[in-house]
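Notes to accompany the following structure.
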Amino acid sequence: MVTDLETGESIESEYRTSTGAFLNKAQDEVVANVEARIAAWTFLPEEPTTARSMSFVGTHEYLAPEIIRGDGHGSAVDWWTFGIFLYELLHGKTPFKGNGNRETLFNVVGQPLKFPEGSTVSFAAKDLIRGLLVKDPQKRLGFKRGATEIKQHPFFENVNWALIRSTHPPEIPKPVDLTFFKQSSHANEKAASDSDRSSGPYLDFEFF
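Residue 1 is where the sequence shown starts when you use UniProt numbering, and the numbers rise one by one after that.
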């Protein structure tokens, strides 16, 4: 995810500095990459990093404080979202979730970050999350130097970033046999079709 966000940052830079000739030359390679990455991380703006978006889009638990306050936001919101995701990955829940959307938004803006009592998560992990979930975007980890700041954090000290994309996952799920589901779906469709037939004098008429 860090490398995906880093790619998004480089895409922003390309949009700021590239000429029309360059974009035409690299259209097949760059534009396709732009569409794929921005589709996954919709908060990354195509304007300069100083530009501020005023949109309010996203799941309440993952929204950054500046989005909720309507302050305008830049790419720092992505590092906030990454912090929420990392917290949830390590603790099984998001840090600011309330009983409803209103309470959740209030917690994001006004409540301090807390970790569950007795948490066995490492100090480095907690320190990284604290840096990512700073409510002031200008003081948030990643605001000044983007992914470089994140990658240099002690939490990632054993990660070889140069080889990360060629690393094989520890387990690859086996393909799921969907034969039963297809047969079941076909049987249900046939049963539904049979039940839609009128039992009256127009026996062959099928209701819409």
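Yeah, the Cβ is synthetic: ideal placement off N, Cα and C, and Gly gets one too.
(request) Assign Leu132 to buried or exposed, taking buried as 16 or more other Cβ atoms, counted over all protein chains shown, within 10 Å of its Cβ. (result) buried
(message) Using C-beta distances below 6 Å, list every residue in its chain close to Thr94, excluding the 5 sequence neighbours before and after it, in chain order.
(response) Glu61, Ile84 and Glu88
(message) Taking the alpha carbon of Lys126 as the reference point, which residue from Leu86, Arg140 and Glu103 has its own alpha carbon closest?
(response) Leu86
(message) Please report the straight-line C-alpha distance between Arg130 and Phe180, rounded to a whole angstrom.
(response) 47 Å
(message) Measuring straight from C-alpha to C-alpha, what distance separates Lys114 and Asp177?
(response) 42 Å
(request) Return helix, strand or coil for His73, following the three-state DSSP convention. (result) strand
(request) Name the two residues that bound the continuous alpha helix (DSSP H) containing Asp177. (result) First-last for Asp177: undefined, no H or E at that position.
(request) Drop a sphere of 10 angstroms on the beta-carbon of His73, count the other beta-carbons inside from all chains shown, and report buried for 16 or more, exposed for fewer. (result) buried
(request) Would you please state the rounded distance, in angstroms, between the beta carbons of Val109 and Pro65? I believe it to be under 8 Å. (result) 5 Å
(message) In chain order, what are the residue ranges of uninterrupted alpha helix (DSSP H) at least 4 long that sit wholly in the segment 102–173?
(response) 123–132 and 147–151
(request) Specify the secondary structure class of Gly92 as computed by DSSP and reduced to three states. (result) coil
(request) Throw me the rounded Cβ distance for the residue 213 and Ala76 pair, which I believe falls under 8 Å. (result) In this structure the chain extends from 1 to 208, so residue 213 is not present and cannot be described.
(message) I'd like to check one pair, His91 with Ser122: are the Cβ atoms closer than 8 Å?
(response) no
(request) Give the DSSP-derived three-state secondary structure of Thr59 in the structure shown. (result) coil
(request) Can you say whether residue 293 is buried or exposed, counting buried as having 16 or more other CB atoms within 10 angstroms of its CB? (result) It is not possible to answer for residue 293, since the shown part of the chain is limited to 1 through 208.
(request) Would you mind sorting Trp80 into buried or exposed? The rule is 16 or more other CB atoms within 10 Å of its CB. (result) buried
(request) Have a look at residue 212 and Arg69 and give me their C-alpha separation to the nearest angstrom. (result) Residue coverage of the chain in this structure runs from 1 to 208, which leaves residue 212 outside it and unanswerable.
(message) Short of 6 Å in beta carbon distance, which residues of its chain neighbour Glu149, apart from the five on each side in sequence? Order them along the chain.
(response) Leu141 and Gly142
(request) Quick one: using the 10 Å Cβ neighbour count with 16 as the cut-off for buried, is Ala124 buried or exposed? (result) exposed
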